[in-house]
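Every number in our numbering is 457 more than the matching position in the first sequence, counting from 1.
Ideal Cβ positions, reconstructed from N, Cα and C, are used throughout, including at glycine.
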Amino acid sequence: MSIRTRFAPSPTGYLHVGGARTALFSWLYARKHGGRFILRIEDTDIERSSIDSVNAILEGMTWLGLEYDEGPIYQTERFNRYHEVLQQLLDSGNAYRCYCTKEELEQMRARQKARKEKPRYDGRCRSGAGPREGVEPVIRFRNPLEGAVVVDDMVRGRIVFANSELDDLIIARSDGTPTYNLTVVVDDLDMGVTHVIRGDDHINNTPRQINILRALGAEPPRYAHVPMILGDDGKRLSKRHGAVSVMQYREGGYLPQALLNYLVRLGWSHGDRELFTVDEMIELFDIRDVNRAASTFNSEKLLWLNHQYIMNSPPEQVAHHLSYHMGRLGIDPADGPPLTEVVKAQRERTRTLVEMARNSAFFYREFEEYDAKAARKNLKPEAVEPLGDMLENFRTLPDWSGEAIHRIVRETAELRGLKLGKVAQPLRVAVCGGAVSPPIDVTLELLGRERTIRRMERAIAWIAGQNAVATQSDSG
RNA sequence: GCUCCCAUCGUCUAGUGGUCCAGGACGUCGCCCUCUCACGGCGAAAACAGGGGUUCGAGUCCCCUUGGGAGUACCA
C-alpha cells in the first residue's frame, strides 16, 4: 500500500515553526517512501478561521518548498459528507442527540471539579432523552464503556487508554456543524491517509478518534505523535515568543534551507551530523528516529546554520534571496556590482541576508554619513597623506584589479613606514563609511574606480573640514 | 484534581546492558591566524534529576519520587 500523509492546520493564524516542523516530518515521510503528501485546511470553526490565515499558511509552505501532492482540501466544502456520516452513526446507534444546555454542562463540570473528579459528560442523554423546548440538540458519539484502546505510536511506542476515562464527545454542534474529532476521522478515512503525523498535543484525542473509526467499521491509520517545540521559557511555543511565524524568518534574512535544516534536527538526528540537504533528509529521515522529548527553540543555533548555508550554498542561489532584501532597502542591484560577487565577498561575515544587504548597501548608493566612532579613529589628519598617495595611484592604475589595488595599499604603507592597518582602515572608512567591510582590495575592486576616487576625495575634504572646525574653536 | 506524555552539558543531541571517568554541534571562555569584521585552526569549562530494584555489570531495563509538558470545550 502506498503511503499517504497529511498536514492539517486550522487557519487561525500564520504558519509557525512548530506547525512547519510537523509538516516537514509528514512531507519527508511521504517523500522517503514515494507516497503522497496532502494539505488539508481544518476550517470547520467558522468563527475563528480566516482566509488571510489560509493564505499565510500557503505562503509559508511555498517558501519552505513543502509542496503538496493533493489539496488544499477545505473541510467547509465537505459538510455534506460529514452529515452523511453523522446520520450513519445515528442510525447505527453509535451516536445520539443530547439536549443538555451549555449551562447544565457547565454546572456539571463545576460540581465534578469541586469533587476533584475529571470533568466529563456523564451520559445523561445517552439512553434516549426526548426533545426539549428551545433546545437545539448536539450529537454525541456513544463511546464504549468498557475495554481499552491501544495505540501503537511510531514514536512513543504502545499507549493504552481505558474507555472508562473517555466520555461521549460532541461530534456535531447544535447548529449542525461537525466538530474536529469527527471531521479528522472522516477526512483521514476518505483521503486514505495511512500515517497520521501530528503534534503530541493530539495524543489524548487519538483513542476517541479510533473509537469513531471503529464504529464506522474502519481500521485506524498508523499514528506518530511528535513532540512540541517549546519557547525559551519552556512553555509551548506561541505568538508570545516573538518570531515564530515562518515568514518572519524570511523577513529576518534566513534561507529556507537553513530553517528546514534547523527544524529537522529539532527532535531528530542522524548520528553526529548537523548539515543535511533536503535530498539527504529524505534519504535518511525515519519517523521512528524522532525523539520523544519536547525541545526548545534555539535562535543562536539557527543563526549559525543560516550562516553555514549562506557560506556554502551556490552564490547565485544566495544572491537570488539577497535581491529580495536589497529590494526592501530600496536598492536596485543594477546600480552596482553583480550580486553574486557581493555574496562571495560578504558571505563569511554576515549571518543573515538582512545583515548582508545592509552591509553591502554602500556598493550601490552613497552612504549618508561616516560611522562616528570609525571616523574619529581613522579619518584623522595623519590619514590625509597616505590617502592622497593612494588616490593619485588609483587615478592612473592601468588595470583596476584586486591584485593591483592590494599592491598600492601595501606599497603606500611601506613608503610611509606605516603598518598596513594604518593605511587600510582609513581607506575602508572613506569608501564604505564604517569600520567593517570585506578585504580592502576586494571592496575597492567591486566598488569600482569612479566611486572609490569620489569617496576618497570626499573623505580628504571631510578631514580638512573637521580640522578647520577644530582650529577655529581652538583660537576662539 | 484526573488522564496521557516526557526527563543525558545552558540549548539541540549521540548513546538501544560492558568499548562511557559519557561523544558531536550551538553558545561561552582562552590561544593562533589577521588590513577591519569575519572565516578558519587549536584548546578549555560544561550533563546521565533523585531514590530504590533487576543484573556479574545500568545513561541504557523495572518501580517510586521530583520536575516539566499536553489534554480535560458546542477550538483544532
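{"Check": "In the DSSP output, which residue or residues are listed as bridge partners for residue 621?", "Outcome": "Paired residues: none, contrary to the question."}
{"Check": "By DSSP, does residue 490 sit in helix, in strand, or in coil?", "Outcome": "coil"}
{"Check": "Tell me where the beta strand (DSSP E) around residue 736 begins and ends.", "Outcome": "It is not in any beta strand (DSSP E) - residue 736 instead sits in the alpha helix (DSSP H) that spans 735-741."}
{"Check": "I want to know whether the region 579-592 touches the region 702-716 - three or more CB-CB distances under 8 angstroms.", "Outcome": "no"}
{"Check": "Spell out the partners DSSP gives residue 614 in its beta bridges.", "Outcome": "610"}
{"Check": "Taking DSSP as the reference, what is the three-state secondary structure of residue 594?", "Outcome": "coil"}
{"Check": "Can you grab the Cα-Cα spacing for the pair residue 754 / residue 479, in whole Å?", "Outcome": "14 angstroms"}
{"Check": "Just to confirm my understanding: we take residue 530, look at its own chain, exclude 5 residues before and 5 after, and list those with CB closer than 6 angstroms. What are they?", "Outcome": "497"}
{"Check": "I'd like to know whether the C-beta atoms of residue 803 and residue 780 end up nearer to each other than 8 angstroms.", "Outcome": "no"}
{"Check": "Are residue 623 and residue 568 close, meaning C-beta to C-beta below 8 angstroms?", "Outcome": "no"}
{"Check": "Taking 8 angstroms as the cut-off, does the region 822-842 touch the region 854-864 (at least 3 CB pairs, one atom from each stretch)?", "Outcome": "no"}
{"Check": "For residue 797, collect the residues of the same chain with a Cβ closer than 6 angstroms to its Cβ; drop the 5 residues on either side in sequence, then sort them by chain order.", "Outcome": "772, 773, 776"}
{"Check": "Can you tell me whether DSSP reads residue 585 as helix, strand or coil?", "Outcome": "coil"}
{"Check": "Can you tell me the Cα-Cα spacing of residue 483 and residue 901, whole angstroms?", "Outcome": "49 angstroms"}
{"Check": "Would residue 749 pass as a contact of residue 612 if the rule is Cβ separation under 8 angstroms?", "Outcome": "yes"}
{"Check": "Compute the Euclidean distance between the alpha carbons of residue 558 and residue 475, then round it to the nearest angstrom.", "Outcome": "36 angstroms"}
{"Check": "Nearest CA to the CA of residue 508: which residue from 469, 523, 909?", "Outcome": "469"}
{"Check": "Between residue 872 and the rest of its own chain, which residues show a CB-CB distance below 8 angstroms, the 5 nearest in sequence each way excluded?", "Outcome": "846"}
{"Check": "Going by other Cβ atoms of all chains shown within 10 Å of its Cβ, with 16 needed for buried, is residue 429 buried or exposed?", "Outcome": "A query on residue 429 cannot be resolved here, the shown segment of the chain reaching from 458 to 933 and no further."}
{"Check": "On the premise that residue 594 lies in contact with residue 549, defined as a C-beta separation below 8 angstroms, what is that separation, rounded to the nearest angstrom?", "Outcome": "Contact doesn't hold; Cβ gap of about 18 angstroms is too wide."}
{"Check": "Counting only runs of 4+ residues fully inside the region 644-677, write out the alpha helix (DSSP H) ranges in chain order.", "Outcome": "663-672"}
{"Check": "Please go through the same chain and pick out, in chain order, the residues whose beta-carbon is closer than 6 angstroms to the beta-carbon of residue 459, but skip the five residues on each side of it.", "Outcome": "492"}
{"Check": "Would you mind working out which of 563, 766, 824, 794 sits nearest residue 809, comparing C-alpha positions?", "Outcome": "766"}
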